[in-house]
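See below for the structure under consideration.
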Amino acid sequence: MKSYFIIYSTPTLGQPVMVNWIALIMLALSITATVVLLTYSFIYRYLQLCRSDYLEPFLIKKTIMSLALLGVVYPLNVWIFIIVVYSYDSQFVIDTQEVSSIVGVDINNAVIIGFSLKKSLNRMQTAVTIEIFLFTFIMFVISVICALNIASFLKKSTLSKTSLAHYRRMFLLLLVQTACPTFLMFLPLLVATIAIFGGVDTPLFYADCVDMAFSLAALLNPLIIIAFLGEYRNFILYKLGLNKRSFPLQAINLKVLPLQRHFRISSTQY
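Letter by letter, the sequence shown follows residues 1 to 270 in full-length UniProt numbering.
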């Protein structure tokens, strides 16, 4: 019995193989950046509303350094996980030849990385795998705690109705922006990972659904911002020439998540 978790990038006509490697690197960077940016967004909103003392001049440097450390350590752990656990040599491509034929990949032109349970993970690979999942879970818990504290503050706050309406609107936007990659990116990845370690085969249809989900995540996030923020929507219409009225664009707190494209993820058992 052989089980594989593979991520591959296929070229378009006349496209060099190096472009496929760049696409996979951009995919890893975008997923990592999405996790970090979402966590930062919740932490910043929490500090702004609930612990503004951490944003005072005498503490702001420590706060920035702590957040910067988090933004460096997590991506570094992701890259260590990819380097230690994932295989990307010619032998791995040969081993996955049967899987590649099932999903219709031309292995001579595609770039394939992943790991196989055909070869048991050694202690280092197991430790790195557990560590990255725990780290990601901690990031998730931090975001949830911040969100709960923000929600509690907005319920009990004595701020003016205008200020509360603004903060509630921005908080709702943050929640919707979080739900978009959570359900369209992280949840499919989690299901595929559980399937591979649980010995469950995921059909080709699931790989197609993951492909479409990642593409939708890249499309929906800008649309969510445009739908929620009237100023930003009017600015876009003005730039497109659909709104001739000139107006100053106010500063808006936005988090545009990275784009994902040019890949497919599949976990297969045969």
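Ideal placement from N, C-alpha and C gives every residue a C-beta, glycine not left out.
Would residue i count as contacting chain C if we go by Cβ distances under 7 Å?
i	result
Phe-115	Among the protein chains of the structure shown there is no chain C, as only one such chain exists.
For residue i, tell me which candidate among the options has the shortest Cα-Cα distance.
i	options	result
Tyr-167	Asp-208, Ser-3, Tyr-54 and Phe-228	Phe-228
Ser-152	Thr-162, Leu-220, Arg-45 and Ile-31	Arg-45
Lys-156	Pro-57, Cys-50 and Leu-184	Cys-50
Leu-164	Val-111, Ile-31, Ile-150 and Val-176	Ile-150
Thr-129	Val-19, Ala-110, Met-170 and Val-78	Val-78
Asn-221	Leu-204, Thr-178, Thr-193 and Leu-190	Thr-178
Leu-24	Ser-160, Ala-110, Leu-219 and Ala-127	Ala-110
Determine the DSSP secondary structure at residue i, reduced to helix, strand or coil.
i	result
Leu-249	Bear in mind that the predicted position of Leu-249 carries a pLDDT of just 47, short of 50, making it unreliable; the figure below should be weighed with that in mind. In this structure, Leu-249 counts as coil in the three-state DSSP scheme.
Ser-3	strand
Ser-160	coil
Thr-10	coil
Thr-39	helix
Asp-208	helix
Tyr-74	helix
Can you have a look at residue i and say buried or exposed, based on whether 16 or more other CB atoms are within 10 angstroms of its CB?
i	result
Val-144	exposed
Arg-123	exposed
Leu-249	Low local confidence applies: a pLDDT of 47 at Leu-249 is under 50, so the model's placement there is unreliable, with the coordinate-based value given in what follows. Classification of Leu-249: exposed, given that the 10 Å Cβ count is below 16.
Gly-114	buried
Phe-197	exposed
Met-185	buried
Rounded to whole angstroms, what's the CA-CA distance from residue i to residue j? Just pull it up for me.
i	j	result
Ala-251	Ile-138	Its pLDDT being 45, under 50, Ala-251 is placed unreliably in this model, and the value from its coordinates should be taken loosely. In a straight line, the C-alpha of Ala-251 is about 31 Å away from that of Ile-138.
Leu-173	Ile-83	35 Å
Phe-214	Asp-208	10 Å
Pro-57	Leu-29	32 Å
Thr-10	Thr-158	55 Å
Pro-16	Lys-61	45 Å
Leu-37	Leu-69	13 Å
Which first and last residues belong to the beta strand (DSSP E) in which residue i is found?
i	result
Gly-198	Run containing Gly-198: none in the beta strand (DSSP E); it sits in the alpha helix (DSSP H), 187-198.
Phe-115	111-116
Which two residues bound the contiguous alpha helix (DSSP H) that contains residue i?
i	result
Tyr-54	From DSSP, Tyr-54 is part of no alpha helix (DSSP H); its letter is neither H nor E.
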